[in-house]
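Protein chains in written order, with the working numbering: chain A, -7 to 221; chain B, -7 to 221.
C-beta: ideal position from N, C-alpha, C; glycine also.
What follows is a single structure, written as structure tokens, with notes after it.
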DNA sequence: TCTATCTTTTTGTGATATCATTTTCAAAAC
DNA sequence: GTTTTGAAAATGATATCACAAAAAGATAGA
């Protein structure tokens, strides 16, 4: 029996997707949803066995995730999901605000009515996920909501960085929110949509910052110490 | 004879550095200095032969660089340094300003007199590099200058992202600046140092933004079209 | 001279083999 | 009962091998 077998939900695999890419996507998805516990080692051979492949593509996928700081290589060459600290958490949230404000500002000129409609539909799905207390779905839809706004800008260099922040926050999100409703005390998405409709930059940036800080971002030092310690 | 053999200056290799890591660092260095021409394909076997290793560690290094968007995997699986476009360039510069302003703001509380002294020394070295018209040295020292400021903040999540931007701008920097002095029309580093000494946040952010925009960042659409087209 | 088709070579991907290091775990020593 | 030690197993790193897809060249036809 394998020890520490991580929880790796299956995902869609297009026929032309390489093994390495598929493994990468699948691991990424698991980390983003906080399904891999920080600290306990991930082994190449263990994953290869679970995924029914050879170690080669697994190694490459792990390296990619390390480069994005979703995984960490310890000095003894062990691979783990990094542990969160209150200071690192604070840095991640502040950087997330900066990056997403920047992305929103750059995307605003490209926002169409059609896009706002799409975003509105996503917000409805999000409400449903909260209603259902479906945390995985909530995380996914919330990311889609943000992503679909920022990618309106066709010249993308920032989105991969935002995704990297999401990845780094992923493992913590699950730990922090004991229930879904705790994650979304206040929903700022309606304000975001309103700002988009009016092409109001200031309101857009404010509501996005509020959304980030109001989600997991609202956790303060004392709460963090409790959760992380 | 190998075609397209890239220019890969040797770098320091600690005895405990893995082959993969060494290859990664060496390629990274070359890309950062603009020594690998955008567009023409890099082959795994070709690099392995030049570096006297097997394809395995080369592949991993290339994957890491792709993840950082320093390299691009084309649909036909060819690997190249991505081509710059005027729009992408503009996005990269704007994002660089945002990220480095953020990093500088976060680092300011940790700035010590000792650090300012170190930065001052780097600035002198930088002047020397301009004097010598040593472009590679200039690029390296300039990065050290910025890096040493931002890493004063011990909780680092932003530095890797800034490095990724530098990497993406690297190939272009070389093409754009036909001579070193063109790269540094105005030197804003003295202003940065003064702002650091006075712990003046506003002045610090302004001088850093000016430094970025005054370097390669000053190139405007028409100049870019000329260079890139 | 140019284009189209077929063959050869090169290339990326993934599996397997090998080696050195690290971890594990049980027996021995305290 | 706790620590030390040492053999066995597991693991990461790299080299090599096998295969299919893509690129490059060569040949034939217009």
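- When Cβ pairs closer than 8 Å are counted between the two stretches, the segment 14 to 33 of chain A is seen to touch the segment 52 to 71 of chain A, the count reaching three or more.
- Comparing alpha carbon positions, the residue from 138/B, 110/B, 72/B, 43/B closest to residue 152/B is 138/B.
- Taking the Cβ atoms as the reference, residue 49/B lies roughly 6 Å from residue 15/B, within the contact range of under 8 Å.
- Using beta-carbon distances, residue 199/B does not count as an interface residue toward chain A, since no partner is under 9 Å.
- When the five nearest sequence neighbours on each side are left out, the beta carbons in the same chain lying within less than 7 Å of the beta carbon of residue 158/B are those of 24, 135, in order along the chain.
- One finds 48, 52 in chain B with Cβ atoms closer than 9 Å to the Cβ of residue 51/A, taken in chain order.
- Here residue 71/A carries a strand assignment [DSSP, helix/strand/coil].
- If you check the CB distance, residue 186/B and residue 142/B do not come in under 9 Å.
- Within its own chain, the residues whose Cβ lies closer than 6 Å to the Cβ of residue -1/A, once the five positions on either side in sequence are excluded, are 27, listed in chain order.
- With contacts defined as CB atoms closer than 9 Å, residue 140/A and residue 120/A fail to qualify as a contacting pair.
- Among the bridge pairs identified by DSSP, residue 64/A is matched with 72/A.
- The Cβ of residue 140/A sits no closer than 9 Å to any Cβ of chain B.
- Between residue 37/A and residue 47/A, the C-beta gap is smaller than 9 Å, which places the two residues in contact.
- Among the residues facing chain B, residue 61/A is included, as its CB has a counterpart in that chain under 9 Å away.
- Among the residues of the segment 78 to 105 of chain A, those with a Cβ less than 8 Å away from any Cβ of chain B are 79, 80, 82, 83, 84, 86, 87, 90, 91, 94, 98, in the order of the chain.
- Contact between the segment 185 to 203 of chain A and the segment 84 to 101 of chain A is present: 3 or more CB-CB pairs across the two stretches fall below 8 Å.
- When the five nearest sequence neighbours on each side are left out, the beta carbons in the same chain lying within less than 7 Å of the beta carbon of residue 180/B are those of 199, 202, 203, 206, in order along the chain.
- Here DSSP, grouped into helix, strand and coil, assigns residue 34/A to strand.
- At a cut-off of 9 Å between beta-carbon atoms, residue 153/A makes contact with chain B.
- Taking the Cβ atoms as the reference, residue 70/B lies roughly 17 Å from residue 52/A, outside the contact range of under 8 Å.
- Following the DSSP letters along the chain, one finds residue 52/B inside the alpha helix (DSSP H) bounded by residues 47 to 59.
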